[in-house]
Structures are given as structure tokens and as C-alpha cells.
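Before any comments, here is the structure.
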Amino acid sequence: MDRNNIIGFALLAILFTIWITVNNNNTEKNQILKKQQDSIAVAKQNQHIADSLKAIQLTSAKPDSAKDVLSDTAAQNIVQKPMDVTIENDLMALTVTNVGAKIKGIHLKKYKTSSEDKKGDEVRDPLYLQNAPENIQEYILPLSNGNLLKTGSLPSQVEKIENKIVVKTALPNNATLEQSYRLDEATYQIDYEVKIVGNPGLDVSKPVSIRWVDNLTRLEKNYTYERTYSTLYFKEVGESSDYISYSKDKTLKLEGKKLEWISNVNQFFNSSWIPDKPFENAELTIKQGVGEEKYLKRTEAVVSIPVEFNNGGVFKMKMYTGPNDFERLRAYNNSLDDVIQFGSSILGSINKWVIRPIFTFLGSFLSSQGLVIFLLTLFVKLALWPLTYKMIYSQSKMSSLKPKLDKLKAKYGDDSQKIQMETMALYREFGVNPLGGCLPMVLQMPIWFALYRFFPAAIEFRQAPFLWATDLSSYDVFFKFPFHVPMLGSHLSLFTVLWTVTTLLYTWYNFKKIDTTSTAANPALKYMQYIMPVFFMAFFNSFASGLTCYLVFSNIINIVQTLVTKNYLISQDKIERELENYKKKPKKKGGFSERLGEMMKEQQRIAEQRNNSKK
Numbered sequence: 000m001d002r003n004n005i006i007g008f009a010l011l012a013i014l015f016t017i018w019i020t021v022n023n024n025n026t027e028k029n030q031i032l033k034k035q036q037d038s039i040a041v042a043k044q045n046q047h048i049a050d051s052l053k054a055i056q057l058t059s060a061k062p063d064s065a066k067d068v069l070s071d072t073a074a075q076n077i078v079q080k081p082m083d084v085t086i087e088n089d090l091m092a093l094t095v096t097n098v099g100a101k102i103k104g105i106h107l108k109k110y111k112t113s114s115e116d117k118k119g120d121e122v123r124d125p126l127y128l129q130n131a132p133e134n135i136q137e138y139i140l141p142l143s144n145g146n147l148l149k150t151g152s153l154p155s156q157v158e159k160i161e162n163k164i165v166v167k168t169a170l171p172n173n174a175t176l177e178q179s180y181r182l183d184e185a186t187y188q189i190d191y192e193v194k195i196v197g198n199p200g201l202d203v204s205k206p207v208s209i210r211w212v213d214n215l216t217r218l219e220k221n222y223t224y225e226r227t228y229s230t231l232y233f234k235e236v237g238e239s240s241d242y243i244s245y246s247k248d249k250t251l252k253l254e255g256k257k258l259e260w261i262s263n264v265n266q267f268f269n270s271s272w273i274p275d276k277p278f279e280n281a282e283l284t285i286k287q288g289v290g291e292e293k294y295l296k297r298t299e300a301v302v303s304i305p306v307e308f309n310n311g312g313v314f315k316m317k318m319y320t321g322p323n324d325f326e327r328l329r330a331y332n333n334s335l336d337d338v339i340q341f342g343s344s345i346l347g348s349i350n351k352w353v354i355r356p357i358f359t360f361l362g363s364f365l366s367s368q369g370l371v372i373f374l375l376t377l378f379v380k381l382a383l384w385p386l387t388y389k390m391i392y393s394q395s396k397m398s399s400l401k402p403k404l405d406k407l408k409a410k411y412g413d414d415s416q417k418i419q420m421e422t423m424a425l426y427r428e429f430g431v432n433p434l435g436g437c438l439p440m441v442l443q444m445p446i447w448f449a450l451y452r453f454f455p456a457a458i459e460f461r462q463a464p465f466l467w468a469t470d471l472s473s474y475d476v477f478f479k480f481p482f483h484v485p486m487l488g489s490h491l492s493l494f495t496v497l498w499t500v501t502t503l504l505y506t507w508y509n510f511k512k513i514d515t516t517s518t519a520a521n522p523a524l525k526y527m528q529y530i531m532p533v534f535f536m537a538f539f540n541s542f543a544s545g546l547t548c549y550l551v552f553s554n555i556i557n558i559v560q561t562l563v564t565k566n567y568l569i570s571q572d573k574i575e576r577e578l579e580n581y582k583k584k585p586k587k588k589g590g591f592s593e594r595l596g597e598m599m600k601e602q603q604r605i606a607e608q609r610n611n612s613k614k
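In numbering that gives the first Met the number 0, the protein residues as written are 0 to 614.
Shown next, in the form of C-alpha cells:
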């Protein structure tokens, strides 16, 4: 490896470290209860509702009328038996409970959670969304007496009517809040409607609000990744989608704004509310999880619904609760696919419109995602082959000058500055560009950065096995340490080890063929080229194995390309003739190389003056 490659690696290390730092500013799982609805329970529940309606007396002027209801003597004597009702299709099962009149959990049948037991072995269990007992889904009703009535603490009835779940919540004056849920066939969409039957004494001049609290549960074994990529997204009408925060506790008030949707996003899944008519006057809050708590984050959204709901209207919305599947989300035609965290600006564009379509196309006729990664790597390398050939050709020209550079080293001994100056003069004389090998590396950097975001975001790679890796979206485990190793963690990734080894071999092979003059002038560069792969190993060890697999394939192809090109495609005699012919040509003045040479001469002159003044 010559100086230009060392510089490239150093630049890559600095940029990658900064970029990772910026992007990484940083259970128990509850199972849904079995269906237990029967005719006797429904009859008892109806009786509880009838008794509750009689118990509701709103006489105080406190801001929360629900407290008045629950403090009433008759209400205290009511014992409401918990009841759950479930409906399902081929993809999901929705369970709604009368306790808090909320969704109790949504089982995604085609997916499993991923975690590690105390021994470090991977465990997969049924996957549920919105299943935290602490979740809240309630309406805040403004009453004509100035009070606010929160429905989450009021007695409710839940039942299955045909293919729907209907929840009826007792309101004042024998009124009822009716919510209905219906599953679409073979989709992850829930059709939701709510209406008020009767007159509970609403203040029709004020909007009704919905309060949605969702504690995001852990679903993946890589807690750090999952927590990083979990947040609350939203989209204002006429604006681009946005999110609250990935790393900080934050509350955002959007007064006078209209929202097309709100979405609680895990690494690979989301729960989204998409109203038929926009939400209004939102207040969105996110609270970060601490340490290894069972919840990643706590989100809270308080949004107002159109005021016509107060006058006997029906409020409708779609609830999408399922995987971050690009095509499914894009079909809504409202930028909901932005919740897939492919990255922002150019990285997101590369992932959405270049890498993702390639993976989709290749995956349409290949069952192994690992083979898809290999073909993508091969595609990238072939696309960059003309530049790679020029890089190898430039290295070969520098290698041909090695005898002359060795003479410079022998002539000037330990005078590193003089060696550098004469080396640049020699390169200028023979038309060799020492930075000629950097361009392919620089051009690949956006692809590397894009793939860094792609693999942990693409649902296609979640729990996709390849070779020894059980999940290409997470790290592979080759060896488990009995203790935590600084920077590495508690495991060792075999793909990362292979990348490190192949990088060191590739570096050694190039280094022995190219001049050592540049590194002799600065010995630190000699060791840097071997230190950098080890440095990156600490970073890559916890990266998605799909990315490290790509890097291993990339190194192997690099080695093959270099061996074939140098041994079969490049004539050393031709290179030497080219060097001699260039030496004989008249040189243009004022070029970059000449200016660099003059600058180094000036530095040499200043150094000599400084040394003479010390004598």
C-alpha cells in the first residue's frame, strides 16, 4: 500500500468515525391473552355499562371529569371484569380490551422477535406491537360545563360484531362513545371509526382530542441499533415528513398545524395513524429509554380531530401496524415510506433509488440474501473497474521507480524532508501521480456509508440467514466472550475478522511491491496502514453482518482484480518505456506538481536556515 492509499484510509477513518458519532448520539414481552368472550360475559358486561350510566354525575368544576365519575359512590361499587376480543387475518391478529378501551396488542404472524438468553444464545418469540400494559388510547372530551372528560378510565364494553370489534364507552346523559376496528384482507391495515351516540353535553365549539401513549418494546437483539432507529415520525400537510428526536427527550407543539399522519417507528416496524381528515393542533412527546429497560422509548401524541365530529359526525382513519416494507408504505402515497430510515439527503436517495431497486431485482430470482449481497458487490466493482485499473496502473508505475527511490534514500539518509522533496521531483519528472489511487476509494465511500444505513433498515435482511450468520441485519456471533471487552463488546464477528485479515493481506501485498520511501520519510505511515484495519474492526464488530459480508466480498474481489491485472494485463516493459518517454518530453510549468515541489523547497530552505541559526 502506497502513501495515497494510506491517506485514503486515514481520510476514510476520520470521516467514518465522525459520521458514526453523529449518527449514534447515544423484556420481557407481554403475550396477548386468549379469546375469552362468551354470551354470559357479554351479558354481565352490558349490565355493568347500564349501571355505569346511572353512576355518572358531573357536578364539580374540576378540569378532569373522569375523576368525578370514578369517585362517585355508585361507580366505586361497580366491578368491571376484564374482557378481550380478537379478530385476525392471514398476517395479523388484533386484540382490543375493555380495560382502558384500547388496543391490547397486535400479533404479526410472519415475524418473530430476536433476543439473547443469559447464555448468549439467540431466542425468537412471537412478535407483538402496541402490547405494553402502560399504553393509553383515550379521547379527551370538552364538556359544556367547562370540564374535560377522559374516556380511558371510564367503563367500557368490547364485543365482536361480524368481522369487527366494537368498543362502547359510557358517557354522561346515557350517551356512548363507539369505536370500531375492522381488518383488511391480507394487509396490515386496520380500518377505524369512532362516533358519539347520544348527547353527553359536549362543548361543540371546542375540538375533541385523542391521546395516544405507546411504549415501544424491544424486538431485536441489537439493542443499540434498535434504540437508535426508534422514534416518533409525523408529516404536516404540504411539508416533508419529520421526526421528534432520536436521542433526546423532547416535546413538540404544533399549534395551528394539520398532520397527515403520525407514526411510532421501531427499527423494522411501525404503528401509524392516517386520518381521513388531518389531525390538528398536535403535541408530540418522546422520552428515551434508560439502559437496558424493557421499553426502547415512550411516545405520546395528543391531537385534535375535526370539529364536525362533535355534531354527530364520524371520525375515520387507517391504522397501519406492520413491517417497514417500502412498497407497502409507498402505496399510501403520502410519504409514509420516509419512516424507513435509509438515511437523509444523498445517502437516503442512494438507498431508495439505487441500492434498494438493485436488491429488489436480484432478490426476485435469488432466495439467498447473501448471494444478493455478493452480486451487488460484484456490480459495484465492475462499475468502478476502469478507475480501479488506473489505480493499479499508477501503483505499477510507482513500483517501477522503486530502484531510483531506494537510491534517494541511500543518498540522503535520515533527511526525511529532503527525501520527500526529491521524491516529488522524481514523480514530476516521470509523470507519476502519487494520488492516482485515491479516486476509486473516494467514489466508494458514499456507497459504504449508504450501505451502513441500508442493512439495518431494510426489512428484507431482518433474520435472513447466510453461512454462519443468522441475521444479516444484525451482527454475526463467531465467539462469545465470558466478559465485556472494551470497544468489541461481548462477542466476536467472523465477518469482521475476515474483513480485517483480507485487508491486512491486501495491504501487505501492495506494500511489498511499492516504494518505501514515502513511509521512510514518515515512519508513522508505515504502521498506520496496519493499524487502521484493526481500528475499524472494533467499529465493524457490532455492525450489521450484511455490511461486513459486503466488505469481505469487496476485499476478495479487490485481491483478485489486483493479482490478475498486475500479472496478466499490465506489461512492465510498456510501463518503463512510458516513463522514459515522459521524461524526455518538455515539461509544462506552473502545474500542481511544480508548485508543490517549490513549496517543499521553500520548507527545506527555511529548515536549513533554522538549523544554521542554532549552530
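In this text, a Cβ means the ideal position worked out from N, Cα and C, and glycines have one as well.
DSSP-derived helix/strand/coil call for residue i
i    : result
G545 : helix
D336 : helix
S395 : helix
E464 : Here residue 464 turns out to be Pro, not Glu, going by the sequence shown. Coil, per DSSP.
P305 : coil
K317 : strand
S179 : strand
R210 : strand
V21  : Per-residue confidence for V21 stands at a pLDDT of 48, beneath the threshold of 50, marking its modelled position as unreliable; the derived number appears in the next sentence. Here V21 sits in helix by DSSP.
K220 : coil
P402 : helix
I418 : helix
N198 : coil
D572 : helix
F480 : strand
L57  : Any answer about L57 is weak, because its pLDDT of 36 lies below 50 and its placement is not dependable; what the coordinates show is given next. Correct three-state label for L57: coil.
M82  : coil
Buried versus exposed call for residue i [16 or more other C-beta atoms within 10 Å across all chains shown]
i    : result
S239 : exposed
M486 : exposed
I189 : buried
R576 : exposed
K380 : buried
G255 : exposed
A382 : exposed
V551 : buried
N554 : buried
G145 : exposed
S113 : buried
A330 : exposed
Q394 : buried
G119 : exposed
P657 : Residue 657 lies beyond the residue range present for the chain, which begins at 0 and ends at 614; the question has no answer from this structure.
S204 : exposed
V559 : exposed
L148 : buried
Same chain only: Cβ atoms within 7 Å of residue i, ignoring 5 sequence neighbours per side
i    : result
D213 : Q129, N134, N263, S270 and T298
V196 : A174, T175 and E177
T547 : S492, F494, T495, W498 and F539
A449 : G342, L346, I349, N350 and I354
R123 : K111, T112 and S113
CB contact flag (residue i, residue j, <8 Å)
i    : j    : result
R452 : N350 : yes
T230 : Y242 : yes
A185 : D89  : yes
T216 : Y319 : no
S303 : V207 : yes
S334 : K234 : yes
S399 : K220 : no
H106 : P132 : no
R210 : E137 : yes
Q287 : D248 : yes
E158 : V313 : no
Other residues of its chain near residue i: CB distance less than 6 Å, five sequence neighbours each side excluded
i    : result
K257 : V236, P277 and E279
L365 : V371
D470 : Q462
A468 : D475 and S544
Contacting residues, own chain, Cβ-Cβ under 8 Å from residue i (five flanking each side not counted)
i    : result
G362 : Q368, V371 and E459
Counting only runs that start and end within the segment 343–384, where is the beta strand (DSSP E) found for 3 or more residues in a row? none
What are the start and end residues of each continuous beta strand (DSSP E) run of 3 or more residues lying completely inside the segment 243–269, in chain order? 249–264
Runs of beta strand (DSSP E) wholly within the segment 96–177 (minimum 3 residues, chain order): 101–111, 125–128, 135–141, 147–149, 155–160 and 163–169
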